[in-house]
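As given, the protein sequences belong to chains S and X, one line each in that order.
1 is the number of the first residue of the first sequence in this note's numbering; add one for each residue after it.
1 is the number of the first residue of the second sequence in this note's numbering; add one for each residue after it.
Below is one structure; the comments refer to it alone.
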Amino acid sequence: MLNFPRWKTIATIATLVVGIWLALPTLIPASFWSSLPPSVAPKINLGLDLAGGSHLLLEADANDARQLRVESMERTVRDAMRGERGSDDDIAIGDLQRTANSVSFLVRNATQVDAARERLNTLTTGAQLTGQRTWDIEVRDTTRVVVTLTEAGFDEFLRQSMVGARDVVERRLDGFGTREPTIILEGEDRIVVQVPGIDDPGALKELLGQTARLEFRMVTENFDAAEAAQGRAPVGSMVVPYANQQGFEVVSRQVMISGDQLEDAQQSFDQQSGSPVVTIQFNSAGATTFSRVTRDGVGKRFAMLVDGKVLSAPVINEPINGGSAQISGGFTVESANQLAIALNSGALPIELQVVEERTVSPELGADSVRRGAIACVIALLVVMAYMIMTYGSFGMLANIAVILNVLIIIGIMSFLGLTLSLPGIAGMVLTVGAAVDANVLINERIREELRRGRNVLSALDHGFKEASTAIFDANVTNVIAGALMFTFGSGPVQGFAVVLMIGIITSYFTAVTATRMWVSHWYARKRPTELVL
Amino acid sequence: MRPLFKIVPDNTNIDFMRWRLPAIVFSALLVLGSLTAIFVQGFNWGVDFVGGKSFHVVLEEPVPIDQLRARVDSLNLGDATIQEFGAPNEFSVRLPLPPGDDSQSSAQVEQVRAAIVAAYPGARLDSVETVSGKVSQELATDGALALLIAMLGISLYIWFRFEWQFGVGALVSLVHDLIITLGFFAVTQIEFSLNAVAALLTLIGYSLNDTVVVYDRIRENLRKYRKMEIEPLLNLSVNETLSRTVATNGAVLLAVIGMVIIGPPSIFALTAGILFGVVIGTYSSIYVARFLLVPLGVGPDSFIPLEEDGKPKKAIDENAGAVV
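As structure tokens, this is what we get:
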């Protein structure tokens, strides 16, 4: 048992050296390492609670998403039944209805029901792997066609929307000039955004809270004012409020140009009034449409809407060619800039809401690091003094093992790119206490075997052997607890669990394997006949 | 280098079994008291589990807490909980969820920030946490689930490694520790946050760590001393592992106390919870986990593998009969 083969000695020492090497970049001042590329010297990642910064959890509004999806199906159905250019291809439909989950309509000519169904069929696809279609199509009472969004279809839509939303969020953060943000999809309807270094995410939240769906629509001038005030508009029109909540406009249901035809948006100033505006530039298709519509509509007004609210509704004085337009609407420089960023990054395919925010200022973070480090060092010193007093030389070995353990934890975390959080520091302190446990068990066992009258070699041998089952079982319970914390926990619990698990696993190595190596080499050299422990 | 002293003298022979009855009464009282505190007083729930907003405000100068309270109340954002936090110019401010609409929560943060900075120039919001109702419910469910699964998982592991009586003993002592530590949070009104859950999970892993070491020794002794009655055998096992229990828990206590005193106030719930848990876990692994084995019927035959004809094998341990 005590003979420790050469290859094992080499492997153990090599492991220790690598562990310490990996920990050095974190512990030694940056100036020393700055000459090396970061891949050679990875430093441990500090969590936002230590580095300062903002953690935002964004959640998609599933009901809103469902409504959007069904609304877009309503438009698709209308277009599909209209068919190709020319009226001979039309399928006449009526009584188009929309529920939370489905669109239904009557086919006026019963002989065309199958044709209608056929057209819709080509519009639905199989939802990935589920074997379901994205939409169910059925015919009720011989002429009513009902198109229902399936759960699989909705899930797929949600998944695609979230992937799209993540990209938009990424572009917006880029435009905002934040450095090194982390953006991760979580679950089926959430996005985690972590931005280090900021302590007031107010503007950021506003930026991400905007869907930024830009639409230009013609204004309907002929309407009954009393009806419109009640929210009722003539057929083909709808009532939309102003963004500043002052009044409303009645606009066409048909969108003239939308944000997806946008090429660029910039904050600028109006040449006459000098007030902040957003200047936009459409792509060539958008520019063509814009020029055609403004040519046909000289003297009329069009409304510029963002997220279903009117910003302004200017009169078309002359045809606008070149596809450039100016959005005004009581902006400040900041809010105009925000809208420009939002428009440039594209509309969010789905509305997002901040459901959790955790922000820590860099000052508090630095203070936590300082206090955590002091507590860690004091814990180490106290425990070390205690071990030396109780176990003498063997306590010293345990101490070396504990220090190596802390270094290796830091090394592994740096290497794997894991994040050290404040609870993680607490986990490290706890590991210091728990890591000596293995050595305590071994030492106590050796003492006991000596008392039973065994000779030194046999006592050492039995000490290590008998103690290791208990050490193993005891550590497994801690690893189980750690793994569960990591799986079910969030934020601080996970940060704690990571360090705890790594610490327990490495402590088995430092306290059992490495200590045994030192003891066996010491015994081979000294061959003591007496051991005081 | 020689050891300076021995914390526990060699060959102790303390009759722990004699105090079994007082221990049972003590445990029962602690559990009852904790349950009463939990149900009567309840927890000081943090925003993690009930939703709402929590700020850590740092002012340039100390101000009377009532003045700050009046300023925050004037915003009409609901009942504010304001406490001093580490220093006389640092406060923790907690506000409930806005009724009805979660989406307002985020906007209200900016409102509070603006009001505090306007009233106290140079003031800083060092940390801000807002949690919506839905997220806080999920965090609560996940936390409870993690605790439950941890207790069951670890007990199953003990059953698998030892015998079912040991698994049950472990489970009962875990429930015992958990209730009393929850009672500790209820009595002290330390904010019950995610950090508190981390403390409870640590306690579960840690208290069992102790229990396993003791069980391991009981198993060994059961194999070794086949003729010994169960009660003296348990006593012997406690005494044999006593110095280890004291030494390890001493080391852990020393490490954690430092963290409680010097560590950042924002993880006080975690460190204080672990500190209390270490103490109660040590007690329960000596008294609760161990002595439960007697009524559960662990005896000299528990670890003797059966021959194919159903009769126990002869002594199997190489150390059987070693000098005591």
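Think of the CB as a built atom: it goes at the ideal place given N, C-alpha and C, for glycine as much as any other residue.
This one's a predicted model, so the numbers in the text were calculated from it and none came from an experiment.
Cβ neighbour criterion (16 or more within 10 Å) applied to Gly299 of chain S | Gly299 of chain S comes out exposed.
May I ask you to list the residues that DSSP assigns as paired with Thr279 of chain S?
-> Answer by DSSP bridge pairing, in chain order: S:Gln266 and S:Gln326.
Please confirm whether Val256 of chain X and Val429 of chain S have their CB atoms less than 8 angstroms apart.
-> yes
Count the other CB atoms, across all protein chains shown, that sit within 10 Å of the CB of Trp7 of chain S; report buried if there are 16 or more and exposed otherwise.
-> Under this definition Trp7 of chain S is an exposed residue.
Is the CB-CB distance between Val278 of chain X and Leu254 of chain X below 8 angstroms?
-> No. Outside cutoff.
Secondary structure at Gln230 of chain S, three-state DSSP: helix, strand or coil?
-> coil
For Arg124 of chain X, go through chain S and note every residue whose CB falls closer than 9 angstroms to its CB, in chain order.
-> Asp199, Ser361, Glu363 and Leu364
Anything in chain S within Cβ reach of Lys227 of chain X, meaning under 7 angstroms, just list it in chain order.
-> Simply none; closest approach about 19 angstroms.
Are the C-beta of Leu531 of chain S and some C-beta of chain X separated by less than 8 angstroms?
-> no
Expressed to the nearest angstrom, what Euclidean distance is found between the alpha-carbon atoms of Ala315 of chain X and Arg454 of chain S?
-> Bear in mind that a pLDDT of 46 at Ala315 of chain X, under 50, signals an unreliable position, so the number given afterwards is only what the model happens to contain. Cα to Cα, Ala315 of chain X sits roughly 22 angstroms from Arg454 of chain S.
Who does Asn45 of chain S pair with in a DSSP beta bridge?
-> Its beta-bridge partners are S:Thr419.
With DSSP as the reference, please indicate the residues paired to Ile183 of chain S in a beta bridge.
-> S:Val193
Considering only residues of the same chain and omitting the five flanking positions on each side of Asn195 of chain X, which have a CB-CB separation below 7 angstroms?
-> Cβ within range, chain order: Ile267, Ala269 and Leu270.
From S:Pro5, S:Ser324 and S:Glu357, pick the residue whose C-alpha is nearest to that of Glu59 of chain S; which is it?
-> S:Glu357
How should Pro528 of chain S be labelled, buried or exposed, when 16 other C-beta atoms within 10 angstroms of its C-beta is the threshold for buried?
-> exposed
Grouping DSSP H, G and I as helix and E and B as strand, with all else coil, what is Ile14 of chain X?
-> coil
In the DSSP assignment, find the beta strand (DSSP E) that holds Ser193 of chain X and state where it starts and stops.
-> Element bounds for Ser193 of chain X: n/a, residue is neither H nor E.
To the nearest angstrom, how far is it from the Cα of Asn235 of chain X to the Cα of Asp437 of chain S?
-> 22 angstroms
Could you tell me whether the Cβ of Arg213 of chain S comes closer than 8 angstroms to any Cβ of chain X?
-> no
Anticipated Cβ contact below 8 angstroms, Arg516 of chain S with Phe464 of chain S, distance rounded | 5 angstroms
Could you tell me whether any Cβ in chain X is nearer than 8 angstroms to the Cβ of Arg253 of chain S?
-> Put simply, the CB of Arg253 of chain S is far from chain X, with every gap to its CB atoms at 8 angstroms or more.
Could you tell me the distance, in whole angstroms, from the CA atom of Ile38 of chain X to the CA atom of Val135 of chain X?
-> Rounded to the nearest angstrom, the two C-alpha atoms are 24 angstroms apart.
Enclosing alpha helix (DSSP H) for Glu156 of chain S [first to last residue] | Glu151 to Phe176
Rounded Cβ spacing between Ser324 of chain S and Val277 of chain S (contact assumed at less than 8 angstroms) | Not confirmed; about 12 angstroms, so no contact.
Proximal residues of chain X, C-beta to C-beta of Ala434 of chain S below 7 angstroms = Val252
Given that Lys134 of chain X touches chain S, what residues does it touch there, using C-beta distances under 7 angstroms?
-> Val355
Between the CA atoms of Gln97 of chain S and Ala165 of chain S - distance to the nearest angstrom | 29 angstroms
State yes or no: is the C-beta of Thr150 of chain S nearer than 7 angstroms to some heavy atom of the ligand ADP?
-> The ligand ADP is not among the ligands present in this structure, which contains no ligands whatsoever.
Assign Glu530 of chain S to one of two classes, buried (16 or more other C-beta atoms within 10 Å of its C-beta) or exposed (fewer than that).
-> exposed
Among the residues of its own chain, which have a CB less than 6 angstroms from the CB of Ser127 of chain X, if the five just before and after it don't count?
-> His56
Is the CB-CB distance between Arg133 of chain S and Leu106 of chain S below 8 angstroms?
-> In this structure, Arg133 of chain S keeps its C-beta atom at 8 angstroms or more from the C-beta atom of Leu106 of chain S.
Limits of the unbroken beta strand (DSSP E) element including Arg140 of chain S = Trp135 to Arg140
Can you tell me the Cα-Cα spacing of Leu56 of chain S and Gly411 of chain S, whole angstroms?
-> Rounded to the nearest angstrom, the two C-alpha atoms are 29 angstroms apart.
Put Met1 of chain S into one of helix, strand or coil per three-state DSSP.
-> The pLDDT assigned to Met1 of chain S is 49, lower than 50, so where the model puts this residue is not dependable; a value taken from the coordinates is nonetheless given after this. Three-state DSSP puts Met1 of chain S in coil, outside helix and strand.
From Thr99 of chain S to Asp189 of chain S, what does the alpha carbon distance come to, in whole angstroms?
-> 23 angstroms
Interface partners of Gly47 of chain S on chain X, CB under 9 angstroms = Those within 9 angstroms of Gly47 of chain S in chain X number zero; the least Cβ separation is about 12 angstroms.
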